[in-house]
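Participant:
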Amino acid sequence: MRISVDPERCYGSGDCVYRVPAVFTVVDGFGAVLPGREDAADDPELREALREAVEGCPSQAISIVE
Ligand code: SF4
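For the sequence shown, the numbering used here begins at 67 and goes up steadily by one.
(1) Could you compute how far the alpha carbon of Glu74 sits from the alpha carbon of Val99?
(2) Below 7 Å CB to CB, which residues in the same chain sit around Val83 once its five sequence neighbours on both sides are set aside?
(3) Shorter than 6 Å, the distance from the beta carbon of Val71 to the closest heavy atom of the ligand SF4, or not?
(4) Quick one, which of Gly122, Glu104, Val71, Val131 has its alpha-carbon nearest Arg85's?
Structure representation (structure tokens):
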């Protein structure tokens, strides 16, 4: 599974970084997946937190694709 942030939707609230700092960061004021962490949704220990990050993103900018 690959996790990504759509820069066209993100407005930089930072919620994703607050929820899962091991996966997300802020670059130039917008949320982004840390380099090399695009497959973090494959980690069972992160899956639930990532699901909450997807659901909690106020602009629905985060997606996890099988
Ligand atoms: S929670 Fe959504 S809108 Fe906020 S920084 Fe992350 S991706 Fe962007």
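Glycine included, each C-beta is placed from N, C-alpha and C at the ideal position.
Facilitator: A quick look at the data gives this:
(1) For this step, residue 74 is matched to residue 8 along the sequence shown. For this step, residue 99 is matched to residue 33 along the sequence shown. Each residue's alpha carbon lies about 14 Å from the other.
(2) Position 17 of the sequence shown holds residue 83. Within the same chain, Val83 has close Cβ partners Phe90, Thr91, Val92, Gly97.
(3) Position 5 of the sequence shown, counted from the first residue, corresponds to residue 71. Checking the Cβ of Val71 against the ligand SF4 gives yes.
(4) Taking the first residue of the sequence shown as 1, we reach residue 85 at position 19. Taking only the C-alpha atoms, the option nearest Arg85 is Gly122.
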